[in-house]
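Undergrad: Numbering of the sequence shown is given in the working numbering, commencing with residue 168 and proceeding in unit increments. Note that beta-carbon positions come from the ideal geometry of N, C-alpha and C, so glycine has one too. Take a look at the following structure, please.
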Amino acid sequence: MDFEQIEDNVIKAINKRLILKIRKKGYDFDIEMEPYLEGRDFLQYGFVWGYIPFNDVYYKFYFDFIEKVTVTKTHFEPKTGLQYYFSDEEEHYAGDESIVHWRNFGRPAPSKTQD
168 MDFEQIEDNV
178 IKAINKRLIL
188 KIRKKGYDFD
198 IEMEPYLEGR
208 DFLQYGFVWG
218 YIPFNDVYYK
228 FYFDFIEKVT
238 VTKTHFEPKT
248 GLQYYFSDEE
258 EHYAGDESIV
268 HWRNFGRPAP
278 SKTQD
């Protein structure tokens, strides 16, 4: 699959599990994922972030490592109260709250003004 097909399949998979065929460091493997967020990082690399039920973890896969996306018929309910944090310059300013952005799942974002 080319990059655009991978991105389109991820976007179409709202509330459906994906099976991602990943190629990384010479290994090929399939992994089941519940996609929560599709986007681009500050270097404009496309990625999908979500829940991996097998390992009970949340993980981000870059589209560069995805060979194929298969959309399953299995529906899921997104977990509430999750937050995906990122910053424009993650390596240098991850602790600087003035540039941290978030996307929320099920609850309001924390206030930037702390008393």
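#1: Which first and last residues belong to the alpha helix (DSSP H) in which F196 is found?
#2: Which two residues bound the contiguous alpha helix (DSSP H) that contains I173?
#3: From T239 to Y194, what does the alpha carbon distance come to, in whole angstroms?
#4: How many Å lie between D197 and K235 at the Cα?
#5: Just to confirm before moving on: does the CB-CB distance between E201 and P220 stay below 8 Å?
#6: Among P245, D223, R207, whose alpha-carbon lies nearest the alpha-carbon of D231?
#7: How many Å lie between R184 and L210 at the Cα?
#8: Can you tell me whether F221 is helix, strand or coil according to DSSP?
#9: Pull the bridge partners of T237 from the DSSP assignment, please.
#10: Should I189 and F228 be called a contact, given that it needs their Cβ atoms to be closer than 8 Å?
TA: So, from the data block:
#1: Looking at the DSSP string, F196 is not in any alpha helix (DSSP H); the run it does join, the beta strand (DSSP E), is 194-207.
#2: Its alpha helix (DSSP H) spans residues 170-179.
#3: 23 Å
#4: 9 Å
#5: yes
#6: If we check each option's Cα against that of D231, R207 comes out closest.
#7: 27 Å
#8: DSSP places F221 outside both helix and strand once states are collapsed to three, so it counts as coil.
#9: I186
#10: yes
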